[in-house]
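Chemist: Structure below; questions to follow.
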Amino acid sequence: MWLFFWLLLNLKEPIIKFPVISDSLTNGLKIYGYYDNKLPMVRLRVIIKAGSAYDPKEKEGLANLTLNLLLRGTRNFTYSEIYNFVESFGGRLEGYCDHDFAQIEIVTLKNYLDTMFFLLKEVLTAPRFAYEDFIKLKREISGQIKTNENFPSYILIKEFLKNFYPPDHPYRHLPEGEINSLEKMAISDIKNFYETYYHPNNYFFILVGDFSFEKVKEKIKELFGNLPKREIPKIEIKSPPFLNKPKMVVIKKSDINQSYILFGWPGPRGNDPDVIPLRVMNFIFGGGALNSRLGKLIREKEGLAYDVGSYFTRRYFPGHLACDLQTAIKNTDYAIDLVLKEIKNLKEKGIKKEELQQAKRFYFGNLPLSIDSYNDKANMIREMAILGLAPNYLSYLISEIKNLTCEKIDEMAKKYLKENFLLIIVSNLEKENLKARDWEIDFIDR
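The letter at position 361 of the sequence shown is residue 375 when you use this note's numbering, and the numbering goes up by one with no holes.
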């Protein structure tokens, strides 16, 4: 045990080697590669800057629907044929839609990479967009939304986004959209969205694994190099404003026996210089599970919650900083007061030098582990590509963390943990269960 603590106390900043090779075609298609031959496989991703932030007004969920319909069949292959083909080579094909991007991923053995490139071209350039698939997919997504509405944690984040971001803000809804917005969509909306955003100058190809970058580039050029670039509509999203006073929204759900609580504040965009000190501040405040201030106070000392923490959503446009926890209904008010007390303490008294050193040790030890697997590496490259971060970003990150001071962390707490926050509660609470506060308060009965 003593050896463990000795190593922890003497942990130095790591030397990060993350040799990403990048290039682009004349039509604007970007390629990122990371060579790793530990396994004879390749993780191939196509990132399209066409996530749910690009959904048209009243068509929330269109980006997600378009991506998933792409994988439901091409002019030459049915849905079943596509997946059976990939699985016959021991591979895997998946689609994923986030706020900032849509993603198609194929995991394959290296010997079949060229074959998967041909399939990928078929999916991206020759979608079937059959009406019967469109109707079936809408029904499936609507059914999943209905199922999710039974889970308090889903209601919590959904209502948070709706109340936190202003009307018409692209981050105001979850990528899957709403049932009523899905019902309004026509097959023509899918085709228009595809024709608007699915072009080579809006693609990032990411490969991690055992492959030759030059051979891959030539294959991509052969298959995708003749696709014409198109003008992609640009959007600009400002940070949501701070509230004039604290606002609490209580969603009453009668079939649960605890309170699900979420605080939120506006945060910076993903490539803002504040992101690094803000992440370290967040670790000290609530990001470090048992070692954070919230973890020690609310979980260990008071025993009010098993799960309590804070996080920062890092996105291309300004996101949010949040703190969430679950506790017994009778402890709701007390738990809220403890969070607010700790925020006040953090802002007025600042952090201790030992807390900063512990946070630095965590990042120095955790960063190499966070980019260990092929999936981790692909995620990091995707983040760097989407946010426009420099190739040496990880070395820069370590250097910045090493040089952080207590004063800088205190500055972040005062700048972002404002008194005027949004508080969402999903619980079987009555108004009389909560003490009177000088806040804007809404009760919603589900």
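For each residue, glycine too, the CB sits at the ideal point set by N, CA and C.
Treat the numbers as computed from the prediction; the structure is a model and nothing was measured.
Enumerate in chain order the residues of its own chain whose CB-to-CB distance from Asn447 is below 6 Å, with the five nearest sequence positions on each side excluded.
Modeler: Walking along the sequence shown from the start, residue 447 turns up at place 433. Around Asn447: no qualifying Cβ.
Chemist: Do Phe256 and Lys428 count as a contact pair if the criterion is CB distance below 8 Å?
Modeler: As a working note, residue 428 is residue 414 in the sequence shown. As a working note, residue 256 is residue 242 in the sequence shown. In this structure, Phe256 does not lie closer than 8 Å to Lys428 by Cβ.
Chemist: Return yes when the Cβ of Ile439 is within less than 8 Å of the Cβ of Thr327, no when it is not.
Modeler: Position 313 of the sequence shown holds residue 327. Position 425 of the sequence shown holds residue 439. No. Outside cutoff.
Chemist: According to DSSP, is Gly13 part of a helix, a strand, or is it coil?
Modeler: Residue 13 lies beyond the stretch modelled for the chain, which goes from 15 to 460, so this question has no answer here.
Chemist: Apply the 10 Å Cβ neighbour rule to Met15 and answer buried if 16 or more other Cβ atoms are within range, or exposed otherwise.
Modeler: Residue 15 sits at position 1 when you count from the first residue of the sequence shown. Interpretation of Met15 is limited by its pLDDT of 44, a score under 50 that renders its predicted location unreliable; the figure taken from the coordinates is listed afterwards. With fewer than 16 other Cβ atoms within 10 Å, it is exposed.
Chemist: What are the start and end residues of each continuous beta strand (DSSP E) run of 3 or more residues lying completely inside the region 76-119, in chain order?
Modeler: 106-111
Chemist: Report the option in Pro180, Leu53, Tyr211, Leu133 whose CA atom is closest to the CA atom of Ser253.
Modeler: Within the sequence shown, numbered from 1, the residue matching residue 253 stands at position 239. When each option's Cα is compared against that of Ser253, the closest is Pro180.
Chemist: Between which two residues does the alpha helix (DSSP H) containing Ser413 stretch?
Modeler: Taking the sequence shown and counting its residues from 1, the one referred to as residue 413 is at position 399. From DSSP, the alpha helix (DSSP H) with Ser413 extends over 407-416.
Chemist: So, at 7 Å on beta carbons, what are the nonlocal neighbours of Ala392 in its own chain, with the 5 sequence-adjacent residues on each side left out?
Modeler: By one-based count along the sequence shown, residue 392 stands at place 378. Excluding sequence neighbours, Ala392 sits near Arg57, Arg59, Ile220, Val222.
Chemist: Under 7 Å from any heavy atom of the ligand GTP, does the C-beta of Leu76 make it?
Modeler: What this structure holds is no ligand at all, so the ligand GTP is not there to describe.
Chemist: Does the Cβ-Cβ distance between Pro332 and Pro280 come in under 8 Å?
Modeler: Working through the sequence shown from its first residue, we reach residue 332 at position 318. Working through the sequence shown from its first residue, we reach residue 280 at position 266. Their beta carbons are under 8 Å apart, which means Pro332 touches Pro280 by this criterion.
Chemist: Determine the burial state of Tyr145: buried for a count of at least 16 other Cβ atoms within 10 Å of its Cβ, exposed for fewer.
Modeler: On the sequence shown, residue 145 is found 131 positions in, with the first residue counted as 1. Classification of Tyr145: exposed, given that the 10 Å Cβ count is below 16.
Chemist: In the structure shown, what three-state DSSP assignment does Phe435 receive?
Modeler: In the sequence shown, counting from the first residue as 1, residue 435 sits at position 421. If DSSP states are grouped into helix, strand and coil, Phe435 belongs with coil.
Chemist: Could you pull out every residue in the same chain whose Cβ sits closer than 8 Å to the Cβ of Ile290, ignoring the five residues on either side in sequence?
Modeler: The residue labelled residue 290 in the question sits at position 276 within the sequence shown. Excluding residues within five positions, the ones whose Cβ falls inside 8 Å are Leu411, Glu414, Ile415, Leu418.
Chemist: With a threshold of 16 other CB atoms inside 10 Å of the CB of Ser273, please say whether the residue is buried or exposed.
Modeler: Your numbering for residue 273 matches position 259 in the sequence shown. It is buried - the Cβ of Ser273 has at least 16 other Cβ atoms within 10 Å.
Chemist: Have a look at Glu27 and Ile298 and give me their C-alpha separation to the nearest angstrom.
Modeler: The count along the sequence shown starts at 1 and reaches residue 27 at position 13. The count along the sequence shown starts at 1 and reaches residue 298 at position 284. Their backbone Cα atoms lie some 18 Å apart in a straight line.
Chemist: Between which two residues does the alpha helix (DSSP H) carrying Thr129 extend?
Modeler: Locating residue 129 in the sequence shown gives position 115, counting from the first residue. For Thr129, the enclosing alpha helix (DSSP H) has its first and last residue at 127-139.
Chemist: Can you name, in chain order, every residue of its own chain whose Cβ lies under 6 Å from the Cβ of Lys449, other than the five neighbours on each side?
Modeler: If you number the sequence shown from 1, residue 449 lands on position 435. Cβ within range, chain order: Asp347.
Chemist: Which same chain residues end up closer than 8 Å to Tyr320 when comparing Cβ atoms and leaving out the 5 residues on each side of it in sequence?
Modeler: Here residue 320 refers to the residue found at position 306 when the sequence shown is read from its first residue. These residues qualify, in order along the chain: Arg313, Gln340.
Chemist: So, using beta-carbon positions, are Glu136 and Asn90 closer together than 8 Å?
Modeler: Along the sequence shown, read from residue 1 onward, the residue named residue 136 stands at position 122. Along the sequence shown, read from residue 1 onward, the residue named residue 90 stands at position 76. Cβ atoms of Glu136 and Asn90: closer than 8 Å.
Chemist: Nearest to Phe435 by CA position, among Lys198, Ser441, Leu443, Asp452, is which residue?
Modeler: Translated into positions along the sequence shown, residue 435 becomes position 421. Ranking Lys198, Ser441, Leu443, Asp452 by Cα distance to Phe435 puts Asp452 first.
Chemist: Identify which residue in Glu236, Ser441, Arg375 has its Cα closest to the Cα of Asn164.
Modeler: Here residue 164 is taken as the residue at index 150 of the sequence shown, counted from 1. Answer by Cα proximity: Ser441.
Chemist: DSSP on Ala427, reduced to helix/strand/coil?
Modeler: As a position in the sequence shown, residue 427 is number 413, starting the count at 1. Of the three classes helix, strand and coil, the one that applies to Ala427 here is helix, per DSSP.
Chemist: Look up Thr419 in the DSSP assignment and say whether it is helix, strand or coil.
Modeler: In the sequence shown, residue 419 corresponds to position 405, counting from 1. Three-state DSSP puts Thr419 in coil, outside helix and strand.
Chemist: Can Arg307 and Gly301 be called in contact, C-beta distance under 8 Å?
Modeler: Counted from its first residue, the sequence shown places residue 307 at position 293. Counted from its first residue, the sequence shown places residue 301 at position 287. No, the pair does not count as a contact, with Cβ atoms beyond the cut-off.
Chemist: For Thr161, count neighbouring C-beta atoms within 10 Å of its own C-beta (all shown protein chains included) and say buried if the count is 16 or more, exposed if not.
Modeler: By 1-based counting over the sequence shown, the position of residue 161 is 147. Classification for Thr161: exposed.
Chemist: For the beta strand (DSSP E) holding Met262, just list the boundary residues, first then last.
Modeler: As a working mapping, residue 262 is identified with position 248 in the sequence shown. Met262 -> beta strand (DSSP E) spans 261-266.
Chemist: Tell me the start and end of each unbroken beta strand (DSSP E) in the region 248-322 that is at least 3 residues and wholly inside, in chain order.
Modeler: 261-266, 272-280
Chemist: Hey, could you find the ends of the beta strand (DSSP E) Val222 is sitting in?
Modeler: Looking up residue 222 in the sequence shown gives position 208. That run of the beta strand (DSSP E) goes 217-223.
Chemist: Would you give the residue range spanned by the beta strand (DSSP E) that Met199 belongs to?
Modeler: Residue mapping note: residue 199 aligns to position 185 of the sequence shown, counting from 1. Premise fails: Met199 is in no beta strand (DSSP E) and is neither H nor E.
Chemist: Check the DSSP bridge columns for Val34 and list the partner residues they point to.
Modeler: Taking the sequence shown and counting its residues from 1, one reaches residue 34 at position 20. Per DSSP, none; premise fails for Val34.
Chemist: What are the partner residues of Gly47, as DSSP defines its beta bridges?
Modeler: Indexing the sequence shown from 1 puts residue 47 at position 33. Partner(s): Ile35, Leu221.
Chemist: Excluding the 5 residues preceding and the 5 following Ile385 in the sequence, name in chain order all residues of the same chain whose CB lies nearer than 7 Å to its CB.
Modeler: Within the sequence shown, the letter at position 371 stands for residue 385. So the list reads Phe32, Lys391, Met394, once near-sequence residues are dropped.
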